[in-house]
Amino acid sequence: MHTKFDAARRVTVFAEHASANLGDQAISAALGDLLRDNGLDVERRSFTDYTICEEGAPQPASTQASVTPAERLRKRLAQSPTLREIRAVGLRSRLAATVRNADAVVVGGGALIQDNSMRFPIALREISRACSLEGIALFVAGVSVEGVLSPRARTLFGRSLRLAQAVYARDDTTARIMGELWSLETPVIGDFAAVPAPRNAGVGRSGVALNIRTGMSEPQRREVLAFLDRALAEDASPVIVFTTGVREDERAARSFVEAFAPRQRMQLATPKSLDELLTLLRQPRLVYPSRLHSAILGLREGAQVVRPSATDKVSSYLLSECDVWDTWYDFEVTPGETNAHDPRAGRRGQFIRRVLSASTRKAGRASDS
């Protein structure tokens, strides 16, 4: 579907554009492409740029360790109720101007429904409030719930999501949780970074790639080692150990390579851009994922992906995407050929049509005034 208008409508997208996590970057890029492909002019804003600092709220890690007297003074001033209120007024004024200039607003993609030191709940509260005050349609799309939400976070998210014209979940689990917590019916739209794998997924590929992240449990670590042993025994190609932009993961991956494998058979890859990561994932035949987007982008670039046995969001996502599985020794892997039909494409089309309709109505009101 490519519905075009003579004059492009402006949609402001709030997402994790500036995140170092390449999965967040992939979501942001794909969401922007989807909107632009349908004739919309996209303005990007970072989701947490408009978080209002509240009394008693935890400060970001970068502000907790004051090294110099000047930094300590700045921290005390930032915690002053008067200055906090002045900053809040300024942020809300800038947010109102941003929203006012849009024909519609989209908050999109990834694990945005989580506490995260209350930054995400407060950010969504401010964005939804600004849209409501300015009369701009708000859409929340492709998001997932992650972790346990505090009572206050549940309250803020519930109020904000009810102000949205439509809410679309990334996955079935999120849709179920949103129904239980807030009685919301949320169609599952999938992950914006995901597209069906090509039918010639395994053609011209060789070797395996292993995604390592920090904080893996002992059972997960044992499974990774079993996968590595099998990969080294079967294939003479180097094993690529890679990360997806999370700094803590890079240290874990480097330590893994140094401790557990013959170095001449291992290649450590720490891509710093989304293009570098996608290029890497076009090489191996088989990918073992630890981070969710190592699985999503591996599938997107045509690799077979191992389903980890641990019950986590990676395994849950893969189970929701694949009805048929191949076997690689003791591991379940996605089929070498994936059906190009995407059952969620229709829901993404519905999302686009609603954004187009809302932005057209707003533009029409502006031209009549």
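Mapped onto UniProt numbering, the consecutive letters of the sequence shown carry residue numbers 1 to 369.
Glycine included, each C-beta is placed from N, C-alpha and C at the ideal position.
Because the structure is a prediction, the values reported are computed rather than measured.
What does the alpha-carbon distance come out to for the pair Glu332 and Leu91?
Each residue's Cα considered, the two are about 49 Å apart.
N- and C-terminal bounds of the beta strand (DSSP E) containing Asp41
Segment 40 to 46, the beta strand (DSSP E) holding Asp41.
Are the beta-carbon atoms belonging to Ile296 and Asp191 less than 7 Å from one another?
In this structure, Asp191 lies closer than 7 Å to Ile296 by Cβ.
Specify the secondary structure class of Arg361 as computed by DSSP and reduced to three states.
Arg361: helix per DSSP, three-state reduction.
If you reduce the DSSP assignment to three classes, tell me which class Pro60 lands in.
Model confidence at Pro60 stands at a pLDDT of 45, short of 50, so the residue's coordinates are unreliable and nothing is read from them.
Going by DSSP, name the residue or residues bridged to Asp326.
Paired residues: Val333.
Alpha-carbon to alpha-carbon, Ser217 and Ser183:
In a straight line, the C-alpha of Ser183 is about 34 Å away from that of Ser217.
At 3 residues or longer, and completely inside the stretch 129 to 192: list those beta strand (DSSP E) runs for me, N to C.
Complete beta strand (DSSP E) runs here, min 3: 138 to 145, 166 to 169.
How would you call Leu210, buried or exposed, if buried means at least 16 neighbouring beta carbons within 10 angstroms?
The residue is buried, with at least 16 neighbouring Cβ atoms inside 10 Å.
Going by other Cβ atoms of all chains shown within 10 Å of its Cβ, with 16 needed for buried, is Val11 buried or exposed?
Buried: at least 16 other Cβ atoms inside 10 Å.
Contacting residues, own chain, Cβ-Cβ under 6 Å from Leu35 (five flanking each side not counted):
The residues are Val11, Val42.
Which class does Gly349 belong to by DSSP, given the choice of helix, strand or coil?
Residue state, collapsed to three classes: helix.
Through-space distance from Ser315 to Gln165, alpha-carbon basis:
CA-to-CA, the gap between Gln165 and Ser315 works out to about 31 Å.
Below 8 Å on the Cβ atoms is my contact criterion, and I expect residue 436 with Ile113 to pass it. Report the Cβ-Cβ distance as a whole number of Å.
The question about residue 436 has no answer, for the chain in this structure spans 1 to 369.
Drop a sphere of 10 angstroms on the beta-carbon of Leu356, count the other beta-carbons inside from all chains shown, and report buried for 16 or more, exposed for fewer.
If you draw a 10 Å sphere on the C-beta of Leu356, you find 16 or more other C-beta atoms in it, and that means buried.
Hey, Gly110 and Asp171: beta-carbon distance below 7 Å or not?
Against a cut-off of 7 Å, the Cβ pair of Asp171 and Gly110 comes out as no contact.
Throw me the rounded Cβ distance for the Thr214 and Glu258 pair, which I believe falls under 8 Å.
Going by Cβ atoms, the distance from Thr214 to Glu258 rounds to 15 Å, so no, they are not a contact pair.
Could you give the distance in angstroms between the alpha-carbon of Arg44 and the alpha-carbon of Val13?
Taking the straight line from one Cα to the other gives about 5 Å.
Taking C-beta to C-beta, are Leu156 and Pro121 nearer than 7 Å?
Yes. Within cutoff.
Beta-carbon separation of Ser128 and Leu163 under 7 Å?
With contacts defined as CB atoms closer than 7 Å, Ser128 and Leu163 qualify as a contacting pair.
For the stretch 209 to 265, list the alpha helix (DSSP H) runs that are entirely contained and at least 4 residues long, ordered along the chain.
Listed in chain order, the complete alpha helix (DSSP H) runs (minimum 4 residues) inside the stretch 209 to 265 are 218 to 234, 247 to 260.
Let me know the secondary structure DSSP gives Val106 once reduced to three states.
When secondary structure is reduced to three states using DSSP, Val106 falls in the strand class.
Helix, strand or coil at Thr98 [DSSP, three-state]:
In the three-state reduction of the DSSP assignment, Thr98 falls in the helix class.
Can you tell me whether Leu225 is buried or exposed, with buried defined as 16 or more other CB within 10 angstroms of its CB?
By the 10 Å Cβ count, Leu225 comes out exposed.
Taking the alpha carbon of Pro343 as the reference point, which residue from Val143, Lys362, Phe256, Pro187 has its own alpha carbon closest?
Checked all of Val143, Lys362, Phe256, Pro187; the closest Cα to Pro343 is Pro187.
Reducing DSSP to helix, strand and coil, say where Arg92 ends up.
Note: Arg92 maps to helix in three-state DSSP.
Ignore the nearest five residues each way along the sequence and tell me which others in Ala130's own chain have a CB closer than 6 Å to its CB.
Excluding residues within five positions, the ones whose Cβ falls inside 6 Å are Leu95, Ala96, Val99.
Does DSSP classify Thr12 as helix, strand or coil?
DSSP places Thr12 within a strand segment (E or B) once states are collapsed to three.
Compute the distance between the beta-carbons of Val324 and Pro308, then report whether it is under 7 Å.
In this structure, Val324 keeps its C-beta atom at 7 Å or more from the C-beta atom of Pro308.
If you compare alpha carbons, which of Thr174, Leu181, Ala137 is closest to Arg152?
Selected option, being the one with the closest Cα: Leu181.
What's the C-alpha gap between Pro219 and Glu85?
Their Cα atoms are separated by approximately 48 Å.
Check the DSSP bridge columns for Ile113 and list the partner residues they point to.
Note: Ile113 sits in a beta bridge opposite Val145.
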